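Number of protein chains: 2
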Amino acid sequence: MNSYLDCIPCFFSQALRAARIATNDEATHKRILDRIAQMVKIISLEDSPPKVAGMIYRIIAEETNNPDPYKHIKRDFTRRALDLLPSLRKQVLSSDEPMMTAIRYAITGNIIDFGPTESFNMEKALDNALLMKFGICDYETFREHALRSKKTLYIGDNAGETVFDRLLIEQLDSDVTYAVRNNPVINDATIEDAREAGLDEAATIMSSGCDAPGIILEECSRDFRDEFESADLVIAKGQGNYESLSDVTRPMFFLLKAKCAIIARDLGITNGDIVLKGINAQQRMV
Amino acid sequence: MNSYLDCIPCFFSQALRAARIATNDEATHKRILDRIAQMVKIISLEDSPPKVAGMIYRIIAEETNNPDPYKHIKRDFTRRALDLLPSLRKQVLSSDEPMMTAIRYAITGNIIDFGPTESFNMEKALDNALLMKFGICDYETFREHALRSKKTLYIGDNAGETVFDRLLIEQLDSDVTYAVRNNPVINDATIEDAREAGLDEAATIMSSGCDAPGIILEECSRDFRDEFESADLVIAKGQGNYESLSDVTRPMFFLLKAKCAIIARDLGITNGDIVLKGINAQQRMV
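Protein chains in written order, with this note's numbering: chain A, 1 to 286; chain B, 287 to 572.
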């Protein structure tokens, strides 16, 4: 997905929010906005929003000398999510359609996103998870691909959300590789964050090799690209992964909650809807 | 009121919205954002938001060769407001406290603002006008000043809102000068817009001499500043006039609806509240 002009004000809002989390020094906040302003002229709208966001968050890390401003926030959400895991797992296992229930919790976890949104309530969202409205739901196709897959690549998004991804991983009868960001960016999960969430008990954790809050394939490691090409099933969580991978030609599935009007328009849904969308994925009649 | 760093993303959003109203050409929209980005480094946070906004809307007018993008929108709102005027006037005259009812309608008209807000429903807001919550209500002080004033300066804000201002002007037993912007900026009223709203039947219309969407006193005409100094009572409508005049030392009254979190914080109220705020204005016990 390309960037839109509407993303430009949003880049400034996001940067200011992150800058304030990284430091209280207002002069530094202003310097960050000045540097982003200098970037505007060279931003190509051909680039996906995560590619631009990656550059912005590098500026924030440089100017604040704080490579991981969201560290404590990530840890807090992971712990709170882990507290909820046993009861949610019980809900999944006792439901009529465990895979669908796991998908709903995994998507609901995508609300833990400090990029586009200023505030959210994780616990309240989870209470509401089974009632949330799908804007797109390619469940039957997904289920068929999932049942056939022996080798799954699951591309994670935010720290804490990782815990809920595990519920879906547990529904897959497949070897799963769980890919995360190479370095801290916003509150996206890194290898360390995914380990804290216990993902290593359910999957093989790997870095994508990419620092952006998404998957810019040409910036990813050779190992990651091999996984991406050879997996039977690829699942990608969240807006950043959708924005950066929506134009690839291989079959894959996106699970996300739409948190901005631009991505909602791109997907043809209402902002706030949840999404399970397959691309290049045909359902085979059995 | 100073500008805040939070105003910077908002300047870009406002500019994009106005640029799209002025022209459909996306390359022009991008060029406008590029020019605003070049301004960021030289924006002084000591300047009030309307001062910066004035520069931004001048860029939009230059780049689009459209000095009055909101012309048709302004005319439309003025006509719709004029259609409602007789019935609202009846409401005012039959109410227990006509001045207070007129104030409520005048403030509600302040919703017609294409600066900070993307969408609003004027008719629905008017239906709700008598129930809206005051964050600040210095009514007794205002009423006392209003009853004593023989020479009132009323500083207008948006086109269409002008019509509802007339309801309050009709409650004043005073010569009223109604001041408007010198040139089109956003959907703020100019002399032509105020005449279309029939304000010349209730007041003497004058230009402030200032092109910004607010009152930058040093940019105003000598005539306006004389009025500002000599009036017994000064009423200023809307955020832009508050932002640019909140630090003056003369007594005056602001009537507005808070439409952004920053001004709400500055006023110590909740965003969305309505405000009747006196500054430097003592209530004299009679």
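Where is the CB? At the ideal position from N, CA and C, for every residue including glycine. Small disclaimer: the values here were computed from a predicted structure and weren't measured.
- Per DSSP, what kind of secondary structure is A/Ala81 in: helix, strand or coil? helix
- B/Ser289 and B/Ser530: beta carbons closer than 8 Å? no
- Query: Starting from A/Tyr178 and walking both ways along the alpha helix (DSSP H), at which residues does that stretch end?
  - Reply: Taken as a continuous stretch (DSSP letters only), A/Tyr178 belongs to no alpha helix (DSSP H), being part of the beta strand (DSSP E) at 175-180.
- Message: Once the 5 residues before and after A/Leu168 are set aside, which same chain residues still bring their CB inside 7 Å of it?
- Response: Ala102, Ile103, Ala106
- Message: Using the three-state DSSP reduction, which class does A/Asp232 fall into: helix, strand or coil?
- Response: coil
- Do the region 83-95 of chain A and the region 40-57 of chain A meet, that is, are 3 or more Cβ pairs less than 8 Å apart? no
- Task: Specify the secondary structure class of A/Phe120 as computed by DSSP and reduced to three states.
- Result: coil
- Would you report the Cα separation of A/Val176 and A/Thr204, rounded to the nearest angstrom? 6 Å
- Task: Name the residue from B/Glu482, B/Gly526, B/Met385, B/Ala480 whose alpha carbon lies nearest to the alpha carbon of B/Pro499.
- Result: B/Gly526
- Query: By Cβ distance below 6 Å, which residues in the same chain neighbour A/Phe287 in space, the five residues on each side in sequence not counted?
  - Reply: Since the first and last residues shown for chain A are 1 and 286, residue 287 of chain A lies out of range.
- Give the residues from the region 120-137 of chain A that approach chain B closer than 8 Å (Cβ to any Cβ), ordered along the chain. none
- the region 120-138 of chain A contacting the region 148-159 of chain A, beta-carbon criterion three pairs below 8 Å: no
- Bridge partner(s) assigned by DSSP for A/Gly278: A/Phe253
- Message: Taking its Cβ as the centre, do 16 or more other Cβ atoms sit within 10 Å of A/Phe120, making it buried, or is it exposed?
- Response: exposed
- Supposed close pair A/Lys151, A/Ser230 - CB separation, criterion 8 Å: 7 Å
- At what residue ranges does the region 380-448 of chain B contain a whole run of the beta strand (DSSP E), taking only runs of 3 or more? 420-423, 437-441
- Can B/Ile502 be considered in contact with the ligand NAD, in the sense that its beta carbon sits closer than 7 Å to one or more heavy atoms? Of ligands this structure carries none, so the ligand NAD is not represented either.
- Query: Looking at the unbroken alpha helix (DSSP H) that takes in B/Ser289, where does it start and where does it end?
  - Reply: Premise fails: B/Ser289 is in no alpha helix (DSSP H) and is neither H nor E.
- Between the region 1-17 of chain A and chain B, which residues of the former have CB atoms less than 9 Å from a CB of the latter, in chain order? Leu5, Asp6, Ile8, Pro9, Cys10, Phe11, Phe12, Ser13, Gln14, Ala15, Leu16
- Query: Under a three-way DSSP split, which group does B/Lys327 fall into?
  - Reply: coil
- Hey, does B/Val326 have any beta-carbon neighbour from chain A nearer than 8 Å? yes
- When you compare only the Cα positions, how much space is there between A/Asp287 and A/Thr108? Residue 287 of chain A lies beyond the range of chain A shown here (1 to 286); nothing can be said about it.
- Item | Beta-carbon neighbours of A/Lys30, restricted to chain B and to distances below 8 Å | Leu291, Leu331
- Task: Starting from B/Met341, follow its DSSP beta bridges and name the residues at the other end.
- Result: Its beta-bridge partners do not exist; DSSP assigns none.
- For B/Gly484, which option in B/Glu312, B/Arg511, B/Tyr464 has the closest C-alpha, if you only look at C-alpha atoms? B/Tyr464
- Item | Inter-residue Cα distance where the pair is B/Leu371 and B/Pro384 | 15 Å
- Thinking A/Arg181 and A/Asp188 are a contact (beta carbons under 8 Å), I'd like their distance in whole angstroms, please. 5 Å
- Bridge partner(s) assigned by DSSP for A/Lys296: Any answer about residue 296 of chain A is impossible in this case: the structure gives chain A only from 1 up to 286.
- Message: Going by beta-carbon coordinates alone, are B/Lys360 and B/Gly495 separated by less than 8 Å?
- Response: no
- Given a cut-off of 8 Å, decide if B/Ile322 and B/Ile345 are closer than it, judged by their beta-carbon atoms. yes
- Task: Classify B/Thr490 as helix, strand or coil using the three-state DSSP reduction.
- Result: strand
- Query: Taking Cβ-Cβ distances shorter than 7 Å, what residues in chain B pair up with A/Ala53?
  - Reply: Within 7 Å Cβ-Cβ: nothing; A/Ala53 doesn't reach chain B, min ~14 Å.
- Chain-order list of residues whose beta-carbon lies under 6 Å from that of A/Thr190 (same chain, five-residue window excluded): Val180, Arg181, Pro184
- Query: Would you say B/Leu542 and A/Asp6 are within 8 Å of each other, going by their C-beta atoms?
  - Reply: no
- Query: Where B/Pro537 and B/Asp559 are concerned, what is the direct C-alpha to C-alpha distance, given to the nearest angstrom?
  - Reply: 22 Å
- Message: In this structure, how does DSSP classify A/Asp223 when only helix, strand and coil are distinguished?
- Response: helix
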